[in-house]
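Colleague:
Chains as they are written, first to last, in the numbering used here: chain A, 1317 to 1600; chain B, 3 to 354.
1. Give a yes or no on whether the minimum CB-CB distance between residue 1600/A and chain B is below 8 Å.
2. For the stretch 133-174 of chain B, which segments carrying the alpha helix (DSSP H) assignment without a break, of at least 4 residues, lie completely within its bounds, in sequence order?
3. Using a beta-carbon distance below 8 Å, is residue 133/B in contact with chain A?
4. Any beta carbon of chain A sitting closer than 8 Å to that of residue 46/B?
5. Rounding to the nearest angstrom, what Cα-Cα distance links residue 175/B and residue 185/B in this structure?
6. Just the chain A side, please: which residues come within less than 7 Å of residue 138/B by C-beta, in chain order?
7. Please go through the stretch 273-348 of chain B and give each complete beta strand (DSSP E) segment of 3 or more residues, from N-terminal end onward.
8. Please classify residue 15/B as buried or exposed, where buried requires at least 16 other C-beta atoms within 10 Å of its C-beta.
9. Could you spell out where the alpha helix (DSSP H) holding residue 229/B opens and where it closes?
10. Please confirm whether residue 1346/A and residue 1441/A have their CB atoms less than 8 Å apart.
11. Based on Cα-Cα distance, which residue from 299/B, 311/B, 280/B, 234/B lies nearest to residue 330/B?
12. Residues of chain A with a CB under 7 Å from the CB of residue 40/B: which are they?
13. Could you spell out the range, first to last residue, of the beta strand (DSSP E) harbouring residue 54/B?
14. Let's test the definition: count the other Cβ atoms within 10 Å of the Cβ of residue 354/B and tell me whether it reaches 16, buried, or not, exposed.
15. Taking all protein chains shown into account, do 16 or more other C-beta atoms lie within 10 angstroms of the C-beta of residue 131/B, making it buried, or fewer, making it exposed?
16. What distance in whole Å lies between the Cβ atoms of residue 1356/A and residue 1379/A, which are believed to be in contact at a cut-off of 8 Å?
17. Between the alpha carbons of residue 33/B and residue 188/B, how many angstroms are there, rounded?
18. Should residue 310/B be flagged as near chain A, meaning a C-beta pair shorter than 8 Å?
19. Report the residues of the stretch 1409-1443 of chain A with a CB closer than 8 Å to any CB of chain B, ordered along the chain.
20. Tell me the residue span of the beta strand (DSSP E) that contains residue 205/B.
21. From this set, 1481/A, 1475/A, 1425/A, 1435/A, which residue's C-alpha is nearest residue 1544/A's C-alpha?
22. Is residue 194/B close to chain A? Criterion is C-beta to C-beta, closer than 8 Å.
23. Quick one: give me the first and last residue of the beta strand (DSSP E) that residue 1536/A is part of.
24. So for residue 259/B, helix, strand or coil by DSSP?
25. Is the Cβ-Cβ distance between residue 86/B and residue 70/B less than 8 Å?
26. Looking at residue 92/B: is its Cβ nearer than 8 Å to the Cβ of residue 254/B?
27. Where residue 282/B and residue 166/B are concerned, what is the direct C-alpha to C-alpha distance, given to the nearest angstrom?
28. How long is the line joining the alpha carbons of residue 163/B and residue 142/B, rounded to whole angstroms?
29. For residue 69/B, does the three-state DSSP call read helix, strand or coil?
30. Nearest to residue 1540/A by CA position, among 1566/A, 1510/A, 1469/A, is which residue?
31. Below 8 Å on the Cβ atoms is my guess for residue 259/B versus residue 73/B; work out the distance and round it to an integer in Å.
32. State buried or exposed for residue 237/B, treating a residue as buried only when at least 16 other CB atoms are found within 10 Å of its CB.
33. List the whole-angstrom C-beta distance separating residue 1391/A from residue 1434/A, where the pair is believed to meet the contact cut-off of C-beta under 8 Å.
34. Check whether the stretch 77-86 of chain B and the stretch 217-234 of chain B are in contact - that is, three or more C-beta pairs closer than 8 Å.
35. On the three-state DSSP scale, how would you describe residue 37/B?
36. Just reading off the beta strand (DSSP E) that residue 236/B is part of, what are its end residues?
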């Protein structure tokens, strides 16, 4: 029988939230998220030439998407990269683990507490921005904007699960930083690898520049959480084609929203399961 | 306050001494005016036979290094048990294994009757732990930190403020731990360990690196919890501290347990003898001839007016008598029992 108690999980989650919500980098990035919504909305408003200085939600989100899929993983990595390795190195984890609490409860508490910090940062940063746009421009696409917020939170929590896994694996805080950087730049690495494979299978640069890309290329987002989020958000706004290098390409039918969400969940649960197995075996 | 009746080694007159437990008192014999120092015994709680900590055949191997090799010992209820060893001997590994922080290759550990392998949650409810280098969360205040550990241990949060007051951190309870000095963090660690009045305290070099003031506060807390009935397992590099506090000690070297007993018994088993320090008027650095070749004396050394004699306890009065017969005036007399440090060095073979 699995011996899991709720109280220690809630206690650890609460502690993680309190300890990290005051982290000045998190505060700074939250403010930055809000400012970015305003800036991209203002830019979108200028392009549309409407009465309002701010643009609509869809244009704002599309502008925001590429930068938010870097900033949110950055917050998640900042929160999670040393949560086990750093505390094991400093000695804080030793005292916690001598209390009547299991390693599974500690890990789950950390995921929930640090995840709550991401929820708070996204809700404050993007939520306030959304309210401002709604008040100024109107509430058109508000449901899609909510989906954008939800998917951004999912992105954050998924990258958090990856960074906790790195933290459970690395012996020292400094090596966790390296792991965090790999997570951050993984999207770029995997994208380049896919392009190289396309070129290696007989396609030319001209093919790539004109959008003549094999259908299987579009499985690439399944290997990169930020790309996965971008694609799912676009689907949420009803977009089925993707703009790249000056041309527009229709996404293949198999890249459906349920598949994208399923891939998201796999990215969330597999690393946290792996983190538990590593943490359970670890000598502190 | 402790009262003790002692016999003057020169004239055999009984003298009553009063003082604090463990205190060294300078006394002068009312009959023959012989001066000497006497250490009053420390008053310790009754140690019962119940086993609170049991380690059986514990081994831990890191890659090819045997950190702990088939170590077994028990700590009884109400004891302060010292765990000694040179650097790298396996003390911290044993303590970590005891707490379930590391996985062991072989061995069974039981705390308060609960097996650490399988019943660790129940065992941990009875443990208060203080490591050598305790660390907490910089952004939490002292009060929030203690609240956190109260909740983890399932103890009401209302005990947090009295605990912080007890360790002298009441005025700093709303300060962030990140602003604390090392001594203050260690005291916060003491408060954390005291949560829920555990019956077993496991302390891994708790005073290491602290100045004398903080170290004394922590030693006093160890005595206090022991007087309340708790069992303490205590590792330290400070042998004086261990000698002052511990009922029994275990010595580990190169991963192996090489001794487990009271300090006095260890010294006795190793045939370590006390040393007499006799101040004689006009000695001038010369060993008196009357003592040469005397049976029961292991070593004789004179420095200035002081004569150092390592001998059996039974020959002490004979030595005094011989010196007085030779017309020498004894100004002062002190008996130095073999220290834990001497015993420890002998046990580990002159240092490791």
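All C-beta atoms, glycine included, are put in the ideal place defined by N, C-alpha and C.
Modeller: Answer, in terms of the structure:
1. For residue 1600/A, the answer is yes, since a Cβ of chain B falls inside 8 Å of its Cβ.
2. 144-155, 162-168
3. Contact of residue 133/B with chain A is assigned, a C-beta pair being separated by under 8 Å.
4. Here residue 46/B scores only 49 on pLDDT, less than 50, and its place in the model is too uncertain to base an answer on.
5. Near 15 Å, if we compare the C-alpha coordinates of residue 185/B and residue 175/B.
6. 1408
7. 277-282, 299-305, 308-313, 332-338
8. exposed
9. That run of the alpha helix (DSSP H) goes 214-229.
10. yes
11. 280/B
12. None at all; the shortest Cβ gap to chain A is about 41 Å.
13. 53-64
14. Low confidence applies to residue 354/B: its pLDDT is 41, below 50, so where it sits in the model is not reliable enough to give any reading.
15. buried
16. 4 Å
17. Going by the C-alpha atoms only, they are around 50 Å apart.
18. no
19. 1410, 1411, 1412, 1413, 1414, 1415, 1416, 1417, 1418
20. 202-206
21. 1475/A
22. yes
23. Annotation for residue 1536/A: no beta strand (DSSP E) segment contains it, and DSSP assigns it neither H nor E.
24. strand
25. no
26. yes
27. 53 Å
28. 15 Å
29. Looking at residue 69/B - three-state DSSP - the assignment turns out to be strand.
30. 1510/A
31. 5 Å
32. In the assembly as shown, residue 237/B is a buried residue. Its beta-carbon has 16 or more other beta-carbons within 10 Å.
33. 6 Å
34. yes
35. strand
36. 233-237
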